[in-house]
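Participant:
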Amino acid sequence: MNKDQILKLLEEVKYPGFSRNIVSFGMVKDVFVDDDAAKVELRVTSTDENIKKQLKQDVETRLKAAGFKTISVLIAAPEVTGGQQTGGNGAAEDELLPTVKHTIAVASGKGGVGKSTVAANLATALMKKGYKVGLLDLDVYGPSLPLTMGVTEVPRVLPGNKLLPIKKYGMELMSFGFILGDDSPVIWRGPMVAKLVTQFLNDVQWGELDFLIMDLPPGTGDVQLTLVQKLALTGAVIVTTPQDLALLDVQRGANMFHKVNTPVLGIVENMSYYVCPECGHRSEIFSHGGGERESKRLNVALLGRIPLNEEVMTASDKGQPMTIYNEASEISREFMNIADQLIAKVTQEA
Ligand code: ADP
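Here it is, written out as structure tokens:
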């Protein structure tokens, strides 16, 4: 067996919790073969020892099955990207986002459930509570922040090629959409996405922030993997609609974060029910209580339920989160309530 054949074999090894393999992510640094002896060097940036152990085991199992007698799997120290060496708890985060206290990822199993809407409103709610907040739209495939926040400017580039976030509504905003333009390709290959995300984490000059809310692309793909490899996230919030709650997507999302030791702070159920604007009648369009039941089953808190409401869409079309567009509304109060729970959880984790 030669090096290429071993690489082919290693394509069967998935990163724990994700559907992509370690070769396509460039985690295989080197491969040496000598008769029935094989040596594989991996580069794993995660500080989680369990992940390293599992990857080592998985690689060994594959090589053993292929007939190798002497097998050695080495895990190299992460590459140093300037500054101090990464390693230890949260050290990677300190190096990449030195001015950010808490990083919260907002995720969803699939698109269109209102993940970006929730991310924008949570960011705004936290800002209204007096915290310094940044909102980072990491949706490489369909950045929506320029539209939902009504941003038409292009970020300024500072000396040293650092990007300055756009300031709006008292928050700091950054999106791939600010720099990619409308006609850029949306089909990025895994390694390119990883590079783009890392560069983005390195090159944006955030101010001193209490919270950085990260709007992830849907699913469990390349952006998620890069993030959990590079950062020790404070936690994740999963957005779903009631009819999707019972689907595997949500469970998969929660599992992914559990596996990489990122606390799932809770679920936000969006488009949960409908209140008739004429008569005020509240209809549970989907089976009631599903959210609570499922969140119990997944052992994750249900942080809140946001109704289906035309005003949420109107606000977003006008480039404003609901919490700014109609601050006194029931929905804005629910977002403020969710923000309170996040603050409590994050202070507890700390
Ligand atoms: P995702 O980020 O999950 O793809 P978006 O936040 O972009 O989803 O929302 C998809 C569409 O649904 C947007 O047009 C948004 O304005 C609308 N939307 C989101 N939440 C609600 C809601 N609670 N009521 C009505 N429309 C909503």
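All you need for my numbering is the position in the sequence shown, starting with 1, plus 1. Ideal Cβ positions, reconstructed from N, Cα and C, are used throughout, including at glycine. Here the structure is a predicted model, which is why all the values come from computation and not from measurement.
#1: Looking only at its own chain, which residues have a Cβ that is under 8 Å from the Cβ of residue 13, when we skip the five neighbours before and after it?
#2: Once you ignore the five residues that flank residue 234 on each side, which residues in its own chain have a CB closer than 6 Å to its CB?
#3: Could you tell me which whole alpha helix (DSSP H) segments of length 4 or greater appear in the region 298-324?
#4: Could you please give me the residues that DSSP links to residue 73 through a beta bridge?
#5: Using the rule of at least 16 other Cβ atoms within 10 Å of the residue's Cβ for burial, across every protein chain shown, is residue 352 buried or exposed?
#6: Less than 6 Å between C-beta atoms, sequence neighbours within five positions excluded: which residues of the same chain meet that for residue 144?
#7: State the start and end residues of the unbroken beta strand (DSSP E) segment that holds residue 327.
#8: Identify which residue in 28, 5 and 3 has its Cα closest to the Cα of residue 227.
#9: Run the CB neighbour count on residue 84, radius 10 Å, all protein chains shown included, and call it buried at 16 or more, exposed below.
#10: Among the residues of its own chain, which have a CB less than 7 Å from the CB of residue 141, if the five just before and after it don't count?
#11: On the criterion of 16 or more Cβ atoms from any shown chain inside 10 Å, does residue 155 qualify as buried, or is it exposed?
#12: With DSSP as the reference, identify every bridge partner of residue 173, one or two as the case may be.
#13: Only counting the same chain, and skipping five residues up and downstream in sequence, which positions put a Cβ closer than 6 Å to that of residue 57?
#14: Take residue 46 as the anchor and find which of 133, 76 and 336 has the nearest alpha-carbon.
#15: Put residue 233 into one of helix, strand or coil per three-state DSSP.
#16: Does the Cβ of residue 323 have 16 or more other Cβ atoms within 10 Å, making it buried, or fewer, making it exposed?
#17: Suppose the cutoff is 7 Å on Cβ atoms and the five residues either side in sequence are ignored; what does the same chain contact list for residue 114 look like?
#18: Are residue 214 and residue 304 closer than 7 Å when you measure CB to CB?
#19: Comparing the CB of residue 271 with every heavy atom of ligand 2, is any distance shorter than 6 Å?
#20: Ligand 1 and residue 284: does the residue's C-beta get closer than 6 Å to at least one heavy atom of that ligand?
Facilitator: Concretely, from the data shown:
#1: 22 and 63
#2: Around residue 234: 104, 106 and 263.
#3: 311-318
#4: 40
#5: The requested residue 352 does not occur in the structure, where the chain is confined to residues 2 to 351.
#6: 138, 176, 177 and 178
#7: Neither: residue 327 is in no beta strand (DSSP E) and is coded neither H nor E.
#8: 28
#9: For residue 84, the pLDDT reaches just 33, beneath the cut-off of 50, and the residue's location in the model is therefore unreliable, although a value from the coordinates is still provided. With fewer than 16 Cβ atoms within 10 Å of its Cβ, residue 84 is classed as exposed.
#10: So the qualifying residues of the chain are 177, 189, 194, 197, 218 and 224.
#11: exposed
#12: 135 and 168
#13: 74
#14: 76
#15: coil
#16: buried
#17: 240, 241, 242, 245 and 271
#18: Between residue 214 and residue 304, the C-beta gap is not smaller than 7 Å, which leaves the two residues out of contact.
#19: Among the ligands present in this structure, namely ligand 1, ligand 2 is not found.
#20: The answer is no for residue 284.
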